[in-house]
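I have placed the structure first, in the form of structure tokens, so that the comments after it can refer back to it.
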Amino acid sequence: MRTLLRRLLGRQHRRRPAYRHPVNAAPPSAYRPLRPWQVRARCFATRRHGLDPEEIRAFLHRVADELAVAQTALDAVLDENKRIKDALRDWQTTYALRPTARDQR
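Numbering-wise (our numbering), the sequence shown opens with residue 1049 and increments by one.
Below, the structure written as structure tokens:
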């Protein structure tokens, strides 16, 4: 029916082009990680017999919350890793240059 009305009224239906991964683009593993606000702001097309938008929104918020927790934990681990590497580097600099009793013989 909509198609018939569009034809009668002279309007062209413009479809959004389907997303296609660029041929020469990096693989998906090279994408920047999603941020919680990106998940919360994601919109889906509404359909006549589609899913409940409230359920989708609630699920996206749940995913965003879990993603925020995971990224916070990852940041803490990365900070601790940097701290440990710096401490190891300092220790190696301090003790690697000292001559041992064996070296003095």
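Where a beta carbon is used, it is the ideal one built from N, C-alpha and C, also for glycine.
Straight-line spacing of the CA atoms in valine 1117 and leucine 1136 works out to 29 Å. Here the alpha carbons of alanine 1144 and leucine 1115 stand approximately 42 Å from one another. One Cα belongs to alanine 1093, the other to leucine 1126, and the distance between them is close to 37 Å.
The DSSP assignment places no complete alpha helix (DSSP H) segment of no fewer than 4 residues inside the segment 1102-1147.
DSSP, read as helix, strand or coil, puts alanine 1089 in helix.
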